[in-house]
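Below is one structure, written out as structure tokens; the observations come after it.
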Amino acid sequence: MSKTDSAVKEILAPYRKEIDAIDKELVALLVRRFQIVQEVAGIKGRHGIPSVLPDRVDEVRNNAADMAAAQGLDRKFVYDLYTQIIDYACSFEDDLMDGKAQQ
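Spelled out as structure tokens, the structure:
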């Protein structure tokens, strides 16, 4: 026997509300992270530091993946997620340093 759409929505509503709240927090944290990336890009530009520092990229990815694994979340998933975040951040920094992105 299957549930009606309204019954499914009712059953899932509190969980969806909680997920939506977490998503709101995640987006706010990403905004905050990229505000800091913007500041870092300015510092790197003024001091002639390249936007991509491979040792730091590896450190950030591995730290996040290790923290995730320690809490029972799939390490590879978080490593891959951080690869995407860092790739975008480095591209954003490059654009800022080249004057292509809005500051």
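Residue numbers (the numbering used here): 57 to 159. We treat Cβ as the ideally placed atom computed from N, Cα and C, and that holds for glycine.
Identity of the residue in the options nearest residue i by Cα
i	options	result
I142	Y71, I78 and L86	L86
D136	D122, Q127 and D151	D122
R112	R72, R88, Q127 and A145	A145
Y138	N118, P110 and D61	N118
Buried versus exposed call for residue i [16 or more other C-beta atoms within 10 Å across all chains shown]
i	result
S107	buried
L129	exposed
E115	exposed
V64	exposed
E81	exposed
V83	exposed
Cut-off 8 Å between Cβ atoms - residues of its own chain near residue i, not counting five sequence neighbours on either side
i	result
R131	A121, D122, A124 and A125
M57	Per-residue confidence for M57 stands at a pLDDT of 49, beneath the threshold of 50, marking its modelled position as unreliable; the derived number appears in the next sentence. So no residue of the chain qualifies.
K100	P106, S107, E149 and M153
Cβ shell of residue i (< 7 Å), same chain only, five flanking positions each side left out
i	result
L109	none
Own chain residues within Cβ distance below 6 Å of residue i, not counting five before or after
i	result
K156	none
The ligand HEM heavy atom lying under 8 Å from the CB of residue i
i	result
V134	Ligands in the displayed structure: none, and consequently the ligand HEM is not present.
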